[in-house]
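Participant: Okay, here's the structure, questions in a sec.
Number of protein chains: 4
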Amino acid sequence: MQDKKKEPWDQYGAYLHLDKILDAQRPWSNEAGKPAHDEMLFIIFHQVYELWFKQILFELDDVCARMSGKTLDDRDLLPVLKHLDRIVSIMRILVKQLDVLETMTNQDFTDFREYLKTASGFQSGQFRLIETRLGLRREDRLRVFHGQFDDNLCPASRKTIKETEQTPSLFDLVDRWLSRTPFIEKSGYKFWESYREAVYKILDERKKAANDNLDPEALKAELEAIDKNRKKFDGIFDPEEHKKGHWRMSWRALQAGLFITVYRNEPALQIPFRLLSLIMDIDELFALWRYRHALMTQRMVGFSMGTGGSAGYGYLMQTLEKHRIFTDLFGLSTYLIPQRALPPLPDEISGEMGYSYAKQR
Amino acid sequence: MQDKKKEPWDQYGAYLHLDKILDAQRPWSNEAGKPAHDEMLFIIFHQVYELWFKQILFELDDVCARMSGKTLDDRDLLPVLKHLDRIVSIMRILVKQLDVLETMTNQDFTDFREYLKTASGFQSGQFRLIETRLGLRREDRLRVFHGQFDDNLCPASRKTIKETEQTPSLFDLVDRWLSRTPFIEKSGYKFWESYREAVYKILDERKKAANDNLDPEALKAELEAIDKNRKKFDGIFDPEEHKKGHWRMSWRALQAGLFITVYRNEPALQIPFRLLSLIMDIDELFALWRYRHALMTQRMVGFSMGTGGSAGYGYLMQTLEKHRIFTDLFGLSTYLIPQRALPPLPDEISGEMGYSYAKQR
Amino acid sequence: MQDKKKEPWDQYGAYLHLDKILDAQRPWSNEAGKPAHDEMLFIIFHQVYELWFKQILFELDDVCARMSGKTLDDRDLLPVLKHLDRIVSIMRILVKQLDVLETMTNQDFTDFREYLKTASGFQSGQFRLIETRLGLRREDRLRVFHGQFDDNLCPASRKTIKETEQTPSLFDLVDRWLSRTPFIEKSGYKFWESYREAVYKILDERKKAANDNLDPEALKAELEAIDKNRKKFDGIFDPEEHKKGHWRMSWRALQAGLFITVYRNEPALQIPFRLLSLIMDIDELFALWRYRHALMTQRMVGFSMGTGGSAGYGYLMQTLEKHRIFTDLFGLSTYLIPQRALPPLPDEISGEMGYSYAKQR
Amino acid sequence: MQDKKKEPWDQYGAYLHLDKILDAQRPWSNEAGKPAHDEMLFIIFHQVYELWFKQILFELDDVCARMSGKTLDDRDLLPVLKHLDRIVSIMRILVKQLDVLETMTNQDFTDFREYLKTASGFQSGQFRLIETRLGLRREDRLRVFHGQFDDNLCPASRKTIKETEQTPSLFDLVDRWLSRTPFIEKSGYKFWESYREAVYKILDERKKAANDNLDPEALKAELEAIDKNRKKFDGIFDPEEHKKGHWRMSWRALQAGLFITVYRNEPALQIPFRLLSLIMDIDELFALWRYRHALMTQRMVGFSMGTGGSAGYGYLMQTLEKHRIFTDLFGLSTYLIPQRALPPLPDEISGEMGYSYAKQR
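Written as structure tokens, this is what we have:
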């Protein structure tokens, strides 16, 4: 609320608490009596990151709260999309703003690096919390040293992360939300049976074409390829095969993800499809940010260890793959078939997915 | 310096003063009991701006200090370029990050706008200071209401701006530095005489071609065009004409700017040329930022007044041209002639502009 | 289709017709015997623009076709959004890629500028066509010289533009689509009456507060402000006042635009709201592109005329405002009121705007 | 040259050869009678890539030509920097423009993917040529299938690449140029001896501090660390150790690279330092482009094989590290020491590195 102790022209500063924000830059090289010009950039750059991390957490909390209800009310969908989209926008800035840090040369960094001692981005509690909130599990994290990843966080952060681990992550909530998609099994229609039939039809046609046209050697290779392909599809259709696979997402959620992807233009699926796309954008942008971060580290310190004893470039490169969370959504693309081979939806299902709105305009 | 009262895992937070940074977000809609989700973004977005403004001022101070000496030591040139380049990088982020604010819809903004009362970006003392430091003069600013532009700043900012107005701005320093370029008048060589001769030669050839080829009517028009062109060039060659023109930059600085532009590949001019280019980049990016800001304002509040009683879109559009500072450098492009018509530098001048380095590699 | 005359390793080149694409760069400075290195960039840069323009037209044609039907089928909505979103993505690249052209210095440009003669971006038929397709009318264009804007286009482009002028533009189609929004007047509910009532209530409260608290002089000013405000709102509520205003959009479309904006979270309005947002993004990005283009022109040629006799920086700056098309959508923000004052939708209307989908998950 | 057969209003199209450029889009899904809307984007997107590749090659050729002379004339330095900087700008667009392709969904791609048959980005002769020109050697490339990487290029591209392999690459030229840096061994001064002494002094101080302060166990660990560190530095100081290491760059070039990095503010080293920075920017941007490309591939086809039988995501991820070229320059950061420990240059060397220009301003 307007700060009544302040004059009209002081409201802006009071509103943004600029007294705190602009008083929080104290280069340790200054305090050591060897001021290094570029340390100011290093500090402000990381403070900006932490501010944006706070915003990302604020949006994630809201998204998770809206998705945690027994049902996801349709009036909540637009805010969910809006806030995911905002995270995408922020992540784009976080990736891009590494350009600013790269105006510091490696020698500039060396001039104050020794004063940082154990201070390290590894200790960013907010970043670790974002990872946990998104769905990165303790056991999936790359191990560094002997201990747990949160041994080098402050007690408050460690506590928050432990508590957060007890609540459903965005990954869990997306899985649950997908699993409840009403249309994939309804009034006798089963999406995966209908889809499997379409896949088998394609493979049968391919087999027929092979038999008609190929010489024995080529035929043998083609038949093996077709067989391999059929097995690939069984890996997602069959709940037992699914269990044996490397999926983290539940069998039912995967079916729904595929259903939404292929019938994405149906009115009732347009917004769910956009939700999945935004989740993939976020996953991709975190990956991209990790990679730029790794390259920047290599540029600054070569193959040395990172600050705070972190393992530097090598460590960061290993997290590229290992710390991705929604890989299963990307994996779905492995199972697509062309539109022309796609079975049309039964009228009954299709009708239910229309908008009442549709009928009137 | 390492904070000895803190544990190793607390160094990161202590180093960045995260206790202050992350405790400075208090939405006034919350305090009014009507929490508006998007106000958090609005706050953090502006705090990030203020952090970057602090960094820009830090770099500008360094650049101005290095350029304020009696001579600009050559060992200072790289840091000057590096810090200008950093301002360019930051400005690119400031322009780009408006994408994040645009994830807020106009209705979202309306939901907390009334709580902002007189708080307004107009009150950003740091932004006003940057403008002054770059060279925007009090008398060149767009007048709003009756008073002075700094009437709505807090006393501390007002004081700093008044003091800064007493010291040379970046514009003044660039002008002075250009005026001292040693090569434009040396050992009998005068750049502008040599350049004027080349220009006149082009115009004479054009006149001859016109006389040979054109019918009377076309000839008349062409001769008038040639005459107008000659007058245009006199406007920059002749110090008296220069005074009558709309230039802010001194006559000598303009000659040097043109000299550096056309002979930019000479070893001694490569870095001065890059300095001029970076200054133009900065001018352009501030202009671009103003325009994106204006468009965003129009999107949020239409044609209403801005917060803090500012005049909104219309006001911002008027500052586009009026608040540009280095227009004269852009204006130099009006006076270029093709390389093939450019007089070669006398050997003596050219020789002096070589590197000792050059001779050995 | 696979090019059967080609070997497997030639398919890529055949597919992309690289023989044509990579054989289309013939600098005129080369042909004049005075090769200027940077002309290659100038050519390729503009060819890339023209390729993207072709893509924008392709998407615009699809969007307009889908919106031209008697009703806009809901299965067409996602493709419409997707293709508008793609135009947004492309425009962002077009704005950004001016960075590449700015690696050319003004002197580099001067070295081949004279060979361009009358060739000028003004002659880009595709760009003019995009403007027309979006909804820029012949009579709204800035006049240059005596003739029509398309006098300097080739006959084929002129013909296409004339034909396009006979079909509804995106502006027309958006206006028509908005005018048909079913919910703004239904079963006794009239949106604008309900909204006007809410506005008047706010103004009445403000009047009461003024009467209670203000001294006579302040009261007078406040009452005048309130009266002015009421008139402002009448300008959009009253069809007669609307006609007198500066709106291009029809009265009914404006009401629908406002309705969608304030009730954007209703399931049936989420996608329409996104459509309006994308249209505004496109309008903003074209404006931004014009401004960067103007700044770049000023940097290259100062205050000279542009190539092809165009009026350069001054001309381009004038088109900034004049060539914007969807300003009315931005203008709607002038009429928003806070959420807390917004009348809730009648149950009947609200119920109809639900998804059938909603009821099941 | 102006196309005299054309009217004034046709010059633009004639200049850009738009007849070719805009007539080169023939979706194979159309020819198969199953038009897929998004194939147009796929084609134009790749054509834009190929146009930029042509520009990159044009700039690389110029840079290599200027660096291939017996000496690198100082008047060539600015153009070399300018053209490298342009490649940086273009690469930023190439990375960024993947955003546009990602407006295509995986299902959209599946709808025309089967018509592409063997056509694949793997067959881009220009891209392979860029890699070779930069310095990626045949033997360093990731092996796919049995054959050579250029087996799936057209004969003309294969021939050009073979010829290019016979000429020095950018890597070779940078190595040679660095090796000739005159100042690292001069008039009795040897950079690496002076630098090694400084390193040893730091390590000795560290050893002394350890002996004074640490308990036996910690001391043992610290002494081992110090010893390891000394060996690390010997790996670059000693030409014999250098040979045993994993360096591609010559010993002398590495010393020069380090020299330029640590004394970068010396007037004669400012431009060489910028050259090295730009080379690293390019290396980083190619890496970043590969990663975005890999992620996009995974999004479109999951874990399937890529088009043209390429190995998809897995293959692309393996090239991330393997196809980097200037890693040695990044590796130099491993050997930096703080400014305060850096030995000042002998006056004689320092004096020679000044500008004649410096002395006059």
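Chains as they are written, first to last, in numbering that gives the first Met the number 0: chain A, 0 to 360; chain B, 0 to 360; chain C, 0 to 360; chain D, 0 to 360. Beta carbons: idealized from backbone N, C-alpha and C, even for Gly. It should be emphasised that the depicted structure is a prediction, and the values quoted were computed from it without experimental measurement.
What residues from chain D crowd round C:N151, counting only those whose CB sits closer than 8 Å?
Facilitator: P7, W8
Participant: Provide the residue span of the alpha helix (DSSP H) that contains D:K200, from first to last.
Facilitator: Run containing D:K200: 190-212, per the alpha helix (DSSP H) assignment.
Participant: Which two residues bound the contiguous alpha helix (DSSP H) that contains A:G313?
Facilitator: 311-321
Participant: Could you give the C-beta distance for D:T102 and C:K81, rounded to a whole number, given that I count them as a contact under 8 Å?
Facilitator: 6 Å
Participant: What does DSSP give as the partner residue(s) for B:K185 in the beta ladder?
Facilitator: B:Y188
Participant: For A:P34, which residues of its own chain have a beta-carbon under 8 Å away from its beta-carbon, when the five flanking residues on both sides are left out?
Facilitator: P26, S28
Participant: Short of 8 Å Cβ to Cβ, which residues in the region 329-345 of chain A face chain D?
Facilitator: Cβ contacts with chain D come from F329, G330, L331, S332, T333, Y334, L335, I336, P337, Q338, R339.
Participant: So is D:F57 in contact with chain C if we call contact Cβ pairs under 8 Å?
Facilitator: yes
Participant: Going residue by residue through the region 20-89 of chain D, where are the continuous alpha helix (DSSP H) segments of at least 4 residues, counting only ones entirely within it?
Facilitator: For secondary structure counted as the alpha helix (DSSP H) over 4 or more consecutive residues, the region 20-89 of chain D holds these complete runs in sequence order: 27-30, 38-66.
Participant: For the 8 Å Cβ check, are there 3 or more pairs between the region 282-290 of chain C and the region 312-319 of chain C?
Facilitator: yes
Participant: Using a Cβ cut-off of 8 Å (strictly closer), state whether D:D78 contacts chain B.
Facilitator: Residue identity check: residue 78 of chain D is Pro in the sequence provided, not Asp. Taking Cβ atoms only, chain B reaches closer than 8 Å to D:P78, which makes this a yes.
Participant: Could you have a look at D:E265 and say whether DSSP puts it in helix, strand or coil?
Facilitator: coil
Participant: Does chain A have any CB closer than 8 Å to the CB of D:A197?
Facilitator: no
Participant: Buried or exposed for D:K161, please, with buried defined as at least 16 other CB atoms from any protein chain shown within 10 angstroms of its CB.
Facilitator: exposed
Participant: Which of the three DSSP states, helix, strand or coil, is assigned to C:Q10?
Facilitator: When DSSP states are grouped into helix, strand and coil, C:Q10 belongs to the helix group.
Participant: What is the DSSP secondary structure of B:E223, reduced to helix, strand or coil?
Facilitator: The three-state reading of DSSP puts B:E223 in helix, counting H, G and I together.
Participant: Would you say A:D61 reaches chain B, if we count a Cβ-Cβ gap shorter than 8 Å as a contact?
Facilitator: yes
Participant: If you measure from the beta carbon of B:G301 to each beta carbon in chain C, is any gap under 8 Å?
Facilitator: yes
Participant: Run down chain D in chain order and give the residues with a C-beta less than 9 Å from the C-beta of A:L287.
Facilitator: L287, Y290, R291, L294
Participant: Note down, in chain order, each residue of its chain lying with its Cβ closer than 7 Å to the Cβ of A:R157, except the 5 sequence neighbours on either side.
Facilitator: Taken in chain order, the residues that qualify are D149.
Participant: Under 8 Å, Cβ to Cβ, is there at least one residue of chain A near B:I89?
Facilitator: Chain A, which has a Cβ nearer than 8 Å to the Cβ of B:I89, makes this yes.
Participant: Excluding sequence positions up to five away, which residues of its chain have a Cβ less than 7 Å from the Cβ of A:E113?
Facilitator: none
Participant: Would you please verify whether the beta carbon of A:E265 is less than 8 Å from any beta carbon of chain C?
Facilitator: yes
Participant: Any Cβ of chain D within less than 8 Å of the Cβ of C:D84?
Facilitator: yes
Participant: Consider the Cβ of C:M39: report whether some Cβ of chain D lies at a distance smaller than 8 Å.
Facilitator: yes
Participant: What residues in its chain sit with their C-beta under 7 Å from that of B:V198, if we drop five residues either side in the sequence?
Facilitator: F232, I336
Participant: Is C:F325 helix, strand or coil by DSSP?
Facilitator: In this structure, C:F325 counts as coil in the three-state DSSP scheme.
Participant: According to DSSP, is A:S168 helix, strand or coil?
Facilitator: coil
Participant: Just reading off the alpha helix (DSSP H) that C:I129 is part of, what are its end residues?
Facilitator: Residues 124-133.
Participant: Using a 10 Å radius around the Cβ and a threshold of 16 neighbouring Cβ atoms, would you call D:D110 buried or exposed?
Facilitator: buried
Participant: Once DSSP output is grouped into helix, strand and coil, what is the label at D:L287?
Facilitator: DSSP, reduced to helix, strand and coil, places D:L287 within a helical segment of the structure shown.
Participant: Where does the unbroken alpha helix (DSSP H) through C:S350 begin, and where does it stop?
Facilitator: First, the amino acid is wrong: residue 350 of chain C is Gly here, not Ser. Its alpha helix (DSSP H) spans residues 346-351.
Participant: Is the distance from the Cβ of C:R85 to the Cβ of C:E58 below 8 Å?
Facilitator: yes
Participant: What's the C-alpha gap between C:K19 and C:L76?
Facilitator: Near 36 Å, if we compare the C-alpha coordinates of C:L76 and C:K19.
Participant: In or out: B:H45 buried (at least 16 other Cβ within 10 Å) or exposed?
Facilitator: buried
Participant: Between B:W51 and the rest of its own chain, which residues show a CB-CB distance below 8 Å, the 5 nearest in sequence each way excluded?
Facilitator: I89, I92, L93
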